[in-house]
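Shown next, in structure tokens, is the structure this report addresses.
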Amino acid sequence: MSDQTVDRTDLNGRIAVVTGAAQGLGLAMGERLARDGATVVMADLQQDKVQTEADRLQQDGLNVHPAALDVADSAGVTAFFDNVVEKHGSLDILVNNAGVGQTVTPTVDLSDEEWHRVMNITLNGTFYCCRAGGAIMERQESGSIVNISSINGQNPAALVAAYNVAKAAVIMLTRTLSLELAAYGVRVNAVCPGPVYTDFNKSVMDQRRQSLNISMDEMVNRIEKAVPLGRWGDAADIANGVAFLCSPASAWVTGEVLRVSGGLEGVAAAPPKRQKT
Ligand SMILES: NC(=O)c1ccc[n+]([C@@H]2O[C@H](COP(=O)([O-])OP(=O)(O)OC[C@H]3O[C@@H](n4cnc5c(N)ncnc54)[C@H](O)[C@@H]3O)[C@@H](O)[C@H]2O)c1
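For the sequence shown, my numbering gives the first residue as -17, with consecutive numbering after it.
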């Protein structure tokens, strides 16, 4: 029986890494884990931006450290995680959040370059970080990994095939790794966010509304109406789900896929037939 008097959301003394932490969902996750007591390494490709945000959070008394990382650089990822352990002593929490969307394009017109760009960052980057972070946690025999997928990883939206496929693969990677690391007491889970109006989503919405021939306001309202709980998500909504899976409150949860989407299961968004030129 577990002791019900212990605060099982307290992350004091834990070392966490959040990738893609300079803005949007990753920034909210980094802040949330730090507010729960963790020491958070905020890693991102955008060095200046992650430095500025980390400075701001440090001034608020939070224990955060900015770091440069390209998750698509296999060797660089391994070196980065070795450095985290050398500097901080352990790796207790890893949130693989860094990812890129796809230019909204019919699959029959999708270029090799765009397919590989999305796969390299959104899928391969998550794999490189899972492999390097997972190896450290296996040695430690403790830790929690949370991979950020998407509702698109469970139900496809039209015109973003590479993104859907990458996010579906992130779920399968999560479930596979959860089986392999269970014997070491390491947990691996995925979060599937629904729509949150970050820079990433603004750009997707703008392209999608053009494909549907509607205004941005109509697009934003259409999404809001499609969400059973009746609103867009906040970055903090997603961070709450992530914090639960990082904390001892979820000690008996692994291989799980947690949808945090106001009940939205997916956005099909099938476009109308294209005009023949
Ligand atoms: N916003 C949403 O509605 C939504 C919904 C579902 C899933 N997601 C997923 O959540 C994650 C975060 O999304 P967001 O909306 O905050 O996006 P965002 O574009 O606002 O932020 C992504 C961050 O990742 C960083 N990044 C990009 N490539 C990188 C690389 N190679 N190495 C390291 N960092 C890199 C960027 O610099 C940026 O700071 C993504 O994986 C996205 O697919 C977002």
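From the three backbone atoms N, C-alpha and C, an ideal C-beta is built for every residue, glycine too. Remember, it's a predicted structure, so these values are computed and weren't measured experimentally.
CA nearest to the CA of residue i, picked from the options
{"i": "proline 138", "options": "Val66, Ser185, Gly116, Val86", "result": "Val86"}
{"i": "glycine 223", "options": "Ala172, Thr236, Pro253", "result": "Ala172"}
{"i": "alanine 54", "options": "Asn102, Gly212, Pro210, Glu96", "result": "Asn102"}
{"i": "valine 209", "options": "Asn183, Arg14, Gly176", "result": "Gly176"}
{"i": "alanine 218", "options": "Arg14, Thr(-9), Ala3", "result": "Arg14"}
{"i": "threonine 104", "options": "Met119, Gly125, Ile130", "result": "Ile130"}
{"i": "glycine 2", "options": "Ser93, Thr108, Thr(-9), Leu44", "result": "Thr108"}
{"i": "arginine -10", "options": "Gly244, Ala4, Asp18", "result": "Asp18"}
{"i": "aspartate -15", "options": "Pro230, Val242, Gly245, Lys255", "result": "Pro230"}
{"i": "glutamine 122", "options": "Arg(-4), Ala144, Ala50", "result": "Arg(-4)"}
{"i": "leucine 76", "options": "Thr89, Ser126, Gln136", "result": "Ser126"}
{"i": "tryptophan 149", "options": "Val(-12), Ser124, Arg241", "result": "What sits at residue 149 in the sequence shown is lysine, not tryptophan. Among Val(-12), Ser124, Arg241, the Cα nearest to that of lysine 149 is on Arg241."}
{"i": "lysine 255", "options": "Ala16, Ser193, Ile220", "result": "Ser193"}
{"i": "glutamine 136", "options": "Ser243, Val100, Gln257, Ala16", "result": "Ser243"}
{"i": "alanine 114", "options": "Ser56, Val90, Ile153, Thr89", "result": "Ser56"}
Residue i Cβ short of 7 Å to ligand 1 heavy atom set
{"i": "leucine -7", "result": "no"}
{"i": "valine 23", "result": "no"}
{"i": "asparagine 171", "result": "no"}
{"i": "phenylalanine 63", "result": "no"}
{"i": "aspartate 276", "result": "Because the chain in this structure spans residues -17 to 259, residue 276 falls outside the shown range and cannot be described."}
{"i": "phenylalanine 109", "result": "no"}
{"i": "threonine 1", "result": "yes"}
{"i": "glutamine 5", "result": "yes"}
{"i": "threonine 180", "result": "yes"}
{"i": "aspartate 52", "result": "yes"}
{"i": "proline 177", "result": "yes"}
{"i": "alanine 144", "result": "no"}
{"i": "asparagine 203", "result": "no"}
{"i": "glycine 223", "result": "no"}
{"i": "isoleucine 127", "result": "no"}
Helix, strand or coil at residue i according to DSSP, with G and I counted as helix
{"i": "proline 210", "result": "coil"}
{"i": "isoleucine 196", "result": "coil"}
{"i": "glycine 58", "result": "helix"}
{"i": "glycine 215", "result": "strand"}
{"i": "alanine 164", "result": "helix"}
{"i": "alanine 231", "result": "helix"}
{"i": "asparagine 78", "result": "strand"}
{"i": "glycine 125", "result": "strand"}
{"i": "arginine 169", "result": "strand"}
{"i": "alanine 50", "result": "strand"}
{"i": "aspartate 26", "result": "strand"}
{"i": "arginine -4", "result": "coil"}
{"i": "valine 242", "result": "strand"}
{"i": "valine 178", "result": "strand"}
{"i": "threonine 158", "result": "helix"}
{"i": "threonine 1", "result": "strand"}
{"i": "threonine -9", "result": "coil"}
Interface flag, residue i vs chain D, CB-CB below 8 Å
{"i": "alanine 140", "result": "Reference to chain D is not applicable here, since this structure consists of a single protein chain."}
Environment of residue i [buried if 16+ CB atoms lie within 10 Å]
{"i": "aspartate 74", "result": "buried"}
{"i": "arginine 213", "result": "exposed"}
{"i": "asparagine 134", "result": "buried"}
{"i": "aspartate 216", "result": "exposed"}
{"i": "glycine 245", "result": "exposed"}
{"i": "glycine 43", "result": "exposed"}
{"i": "histidine 47", "result": "buried"}
{"i": "leucine 211", "result": "exposed"}
Are three or more beta carbon pairs between the region 238 to 254 and the region 4 to 20 nearer than 8 Å?
no
Contact between the region 194 to 205 and the region 142 to 160 is defined here as three or more beta-carbon pairs at a separation below 8 Å; is this criterion met?
no
Is it a yes or a no for the region 61 to 72 touching the region 36 to 43, going by three-plus beta-carbon pairs under 8 Å?
no
For the pair the region 82 to 100 and the region 14 to 30, tell me if three or more CB-CB distances fall below 8 Å.
no
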